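Contents: one structure, followed by commentary.
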Ligand code: PMP
């Protein structure tokens, strides 16, 4: 049993009033809040050992390098990567996908090749592939979904052929909460000799991720959704693939030797880490991942699932509400619309009562079109949320709908 009261104590931001009401933060799929340890890690870095990494021999530089590399090790453990060479520190999920689309895509995608994504992708797992397809004359194919928001696996299997080169699919949909069968998706991609990239932005805070068990070729996530800072993320890539990929950005750090005639590149993972990285936030990532490890992913998943079930039940009693995304395998995200009421107005009414939910298309415009809507209101849960907060949310939502009807 988790002691949510103790967990909440670790998050300073939660203890405030918004519009005269205690804050209920249900926008965790956009970004999660940060425990005090993570905030302190940032302050400690800037107050105690701010310095550039991998370059200096002096005390502060060594300390910063050590802390930076400790975070890489924490990330490796977090997703069970086989080696540190496979763990590249990025700005976030978006940069990770762009890195793969540019470095792997530019080298290995040719005219007539095919890239498969799904209907429920975030724009960051659509646009980089579209740009690549445009440049190369390749074709983008999209796995359809059913009305519950589940992937049509039969259609996917039929799409695969000898022209398929990349399959890029989200693990948990940020807009629907659907948990996709990514292990099977990867297995089928490999059968067709394609590589598979998994967008783990939403999965990393909620599920135990084991990239080796999944057999993912690439796996990306953002620190800020896992109780860590913004502007930092991880790209996992299999060593054999990363080795044959050309670099993405050129500059300092990613080189071994530079002459005007020729440059040789650094070893992995540094080949993909050009320039001074976001050191302070990278250092703090370790503390965020340790927070998750200490609470336990299974405990987090169980708690969030309880909140999801509880909130779903409560919302079924509210007139005019329709939940978008009713997959059997679902994480703690509830997207909903209310008949005749704009989602933006719902969000404003909830905010007036201290409740933070997300409204809009959630960077999934094609998915919204699939459901014939322009957007939804979305409540998404984290480990520090409580059933009492769900009660407040359901009560205020009901009132808002009565007022606006
Ligand atoms: N994919 C998914 C499923 C997401 O939820 C998000 C963030 N909303 C992203 C990708 C992009 O992540 P970031 O903005 O941190 O790069």
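Residue numbers (full-length UniProt numbering): 1 to 405. Yeah, the Cβ is synthetic: ideal placement off N, Cα and C, and Gly gets one too. What you are looking at is a predicted structure, and each value in this text was computed from that prediction instead of being measured.
So for residue i, helix, strand or coil by DSSP?
i           : result
residue 289 : helix
residue 193 : coil
residue 341 : strand
residue 2   : coil
residue 121 : coil
residue 330 : strand
residue 25  : strand
residue 241 : helix
residue 322 : strand
residue 312 : helix
residue 164 : strand
Would residue i pass as a contact of residue j if the rule is Cβ separation under 8 Å?
i           : j           : result
residue 381 : residue 355 : no
residue 217 : residue 197 : yes
residue 99  : residue 219 : no
residue 307 : residue 398 : no
residue 19  : residue 353 : yes
residue 113 : residue 165 : yes
residue 223 : residue 288 : yes
residue 192 : residue 160 : yes
residue 236 : residue 116 : no
residue 177 : residue 331 : yes
residue 248 : residue 103 : yes
residue 109 : residue 132 : yes
Could you tell me if the beta carbon of residue i falls within a distance shorter than 7 Å of some heavy atom in ligand 1?
i           : result
residue 27  : no
residue 361 : no
residue 174 : yes
residue 32  : no
residue 125 : yes
residue 202 : yes
residue 224 : yes
residue 351 : no
residue 122 : yes
residue 93  : yes
Note down the Cα distance separating residue i from residue j, rounded to an integer number of angstroms.
i           : j           : result
residue 267 : residue 82  : 16 Å
residue 68  : residue 52  : 10 Å
residue 204 : residue 232 : 14 Å
residue 404 : residue 148 : 27 Å
residue 21  : residue 389 : 12 Å
residue 373 : residue 367 : 9 Å
residue 54  : residue 76  : 19 Å
residue 157 : residue 241 : 24 Å
residue 24  : residue 11  : 13 Å
residue 226 : residue 292 : 8 Å
residue 145 : residue 64  : 46 Å
When DSSP builds the beta bridges, which residues end up paired with residue i?
i           : result
residue 258 : 263
residue 38  : According to DSSP, residue 38 bridges with nothing at all.
residue 198 : 169, 219
residue 377 : 336, 359
residue 145 : 151
residue 140 : 115
residue 87  : 236
residue 65  : Partner(s): none; residue 65 has no beta bridge.
residue 18  : 21
residue 179 : 172
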